[in-house]
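One structure below.
Protein chains in written order, with my numbering: chain R, 4 to 172; chain X, 10 to 135.
Structural data, given as structure tokens:
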């Protein structure tokens, strides 16, 4: 069982890292710099449901390390934003899933993750440039985070419902 | 897969907050002339450029590498060129009204537009 868990988590890190890197190549047809689809969030949802918050946090950190190495932004500002956002949104989603499981579906958990991700990134960027005016930008990011959060939540729920029982342990 | 009631509330509240925030931005956004662009680096004020019709200025921040070329023209301002890897500042394009801003994270540069003087009570009542 232990080997199997290591293999599964390794697979999830690989998938999430690739999604993270590929996502930075996708041009979005909207003039909002910093907006992303949050595809790697699907993997975070999976790991939270299947393994819990510790593993979700580990996968999120490793994913950002791998993804930023692949896309060449390692240790740059984009890396700091991605890491802070990934860590805090993974923690928030784990908390929401464990504590309010009866209230929120995976879609709600995913939207919480997307919102926390945005707030964290704006805060990190505001600290980097030492200017609190960046919060001016938050409503625009938040408006975009709603459809992307719902989409990743629905995608995660879709695949979890069709997961073969052998993967579920 | 079904949305729970809490899901709908969460999405509704966030949507209302975002739309309200954008509305607030629009309301604060003043189209009055007599604005200026404040450029800061690492949180330190660097330059103030007036934004008025007919005024043109180009300003280079940084050295041979690690530079942002800022262009002010006819009441608007943009980053014309930069050698940062992400080019987000260049792609932000022209801005012309407060509280719009351009941010270059790699070089910690913020360009924001502010009214040159606070609105006078007389102007509002008139």
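For every residue, glycine included, the Cβ atom is placed at its ideal position computed from N, Cα and C.
Below-9 Å beta-carbon distance, residue i vs any chain X residue
{"i": "residue 79/R", "result": "yes"}
{"i": "residue 134/R", "result": "yes"}
{"i": "residue 85/R", "result": "no"}
{"i": "residue 145/R", "result": "yes"}
{"i": "residue 118/R", "result": "yes"}
{"i": "residue 111/R", "result": "yes"}
{"i": "residue 28/R", "result": "no"}
{"i": "residue 115/R", "result": "yes"}
{"i": "residue 88/R", "result": "no"}
{"i": "residue 103/R", "result": "yes"}
{"i": "residue 75/R", "result": "yes"}
{"i": "residue 153/R", "result": "yes"}
Residues near residue i by beta carbon distance below 7 Å, same chain, minus five either side
{"i": "residue 157/R", "result": "110"}
{"i": "residue 15/R", "result": "46, 49, 50 and 62"}
{"i": "residue 103/R", "result": "none"}
{"i": "residue 128/R", "result": "84 and 137"}
{"i": "residue 148/R", "result": "117, 118 and 121"}
{"i": "residue 132/X", "result": "Residue confidence for residue 132/X is low, a pLDDT of 47 falling below 50, so the modelled location carries little weight; the figure read from the coordinates is stated next. Within the same chain, residue 132/X has no close Cβ partners at all."}
Beta-carbon proximity check, residue i vs residue j, cutoff 9 Å
{"i": "residue 132/R", "j": "residue 117/X", "result": "yes"}
{"i": "residue 36/X", "j": "residue 142/R", "result": "no"}
{"i": "residue 28/R", "j": "residue 74/R", "result": "yes"}
{"i": "residue 163/R", "j": "residue 25/R", "result": "no"}
{"i": "residue 105/X", "j": "residue 85/X", "result": "yes"}
{"i": "residue 76/R", "j": "residue 95/X", "result": "yes"}
{"i": "residue 6/X", "j": "residue 90/X", "result": "With chain X represented from 10 up to 135, any question about residue 6/X goes unanswered, as that position is not in the structure."}
{"i": "residue 75/X", "j": "residue 93/X", "result": "yes"}
{"i": "residue 59/X", "j": "residue 81/X", "result": "yes"}
{"i": "residue 134/R", "j": "residue 102/X", "result": "no"}
{"i": "residue 80/R", "j": "residue 78/X", "result": "no"}
Listed by chain order, chain X residues near residue i by CB distance under 7 Å
{"i": "residue 106/R", "result": "13 and 15"}
{"i": "residue 141/R", "result": "30"}
{"i": "residue 137/R", "result": "112"}
Neighbourhood of residue i by C-beta, 6 Å cutoff - its chain only, sequence neighbours within 5 removed
{"i": "residue 1/R", "result": "A question about residue 1/R goes unanswered here, because the residues of chain R that appear run from 4 up to 172."}
{"i": "residue 22/R", "result": "42 and 43"}
{"i": "residue 129/X", "result": "Low confidence applies to residue 129/X: its pLDDT is 49, below 50, so where it sits in the model is not reliable, and the reading given next is rough at best. Cβ within range, chain order: n/a, list empty."}
{"i": "residue 120/R", "result": "88 and 92"}
{"i": "residue 70/R", "result": "20, 23 and 24"}
{"i": "residue 155/R", "result": "41, 44, 45 and 113"}
{"i": "residue 18/R", "result": "46"}
{"i": "residue 112/X", "result": "119"}
Closer than 9 Å to chain R by CB, residue i
{"i": "residue 51/X", "result": "yes"}
{"i": "residue 34/X", "result": "yes"}
{"i": "residue 121/X", "result": "yes"}
{"i": "residue 110/X", "result": "yes"}
{"i": "residue 86/X", "result": "no"}
{"i": "residue 27/X", "result": "yes"}
{"i": "residue 106/X", "result": "no"}
{"i": "residue 92/X", "result": "no"}
{"i": "residue 58/X", "result": "no"}
{"i": "residue 132/X", "result": "Unreliable placement is indicated for residue 132/X, whose pLDDT of 47 sits below 50; the coordinate value is still reported in the next sentence. So, not an interface residue."}
{"i": "residue 19/X", "result": "yes"}
{"i": "residue 82/X", "result": "no"}
{"i": "residue 95/X", "result": "yes"}
Expected contact under 8 Å - CB spacing of residue i and residue j to nearest Å
{"i": "residue 57/X", "j": "residue 47/X", "result": "6 Å"}
{"i": "residue 125/R", "j": "residue 144/R", "result": "7 Å"}
{"i": "residue 20/X", "j": "residue 153/R", "result": "7 Å"}
Sequence-distant residues of the same chain with beta carbon closer than 8 Å to residue i, five excluded per side
{"i": "residue 107/R", "result": "99, 100 and 115"}
{"i": "residue 63/X", "result": "83"}
{"i": "residue 60/R", "result": "90, 93, 94 and 97"}
{"i": "residue 110/X", "result": "104, 119, 120, 121 and 122"}
Residues that residue i contacts on chain X, provided the C-beta gap is smaller than 8 Å
{"i": "residue 128/R", "result": "112 and 114"}
{"i": "residue 149/R", "result": "20, 23, 24 and 27"}
Neighbouring residues, chain R, relative to residue i (Cβ below 7 Å)
{"i": "residue 117/X", "result": "131 and 132"}
Within chain R, the residues that residue i reaches when beta carbons sit closer than 8 Å
{"i": "residue 70/X", "result": "Per Cβ cutoff of 8 Å: no residues; residue 70/X is ~13 Å from chain R at best."}
Within chain R, the residues that residue i reaches when beta carbons sit closer than 9 Å
{"i": "residue 22/X", "result": "By Cβ distance, chain R contributes nothing, its closest Cβ being about 10 Å from residue 22/X, past 9 Å."}
Partner residues on chain X for residue i, Cβ-Cβ distance less than 9 Å
{"i": "residue 21/R", "result": "Correct list: empty, because the minimum Cβ distance to chain X is about 20 Å."}
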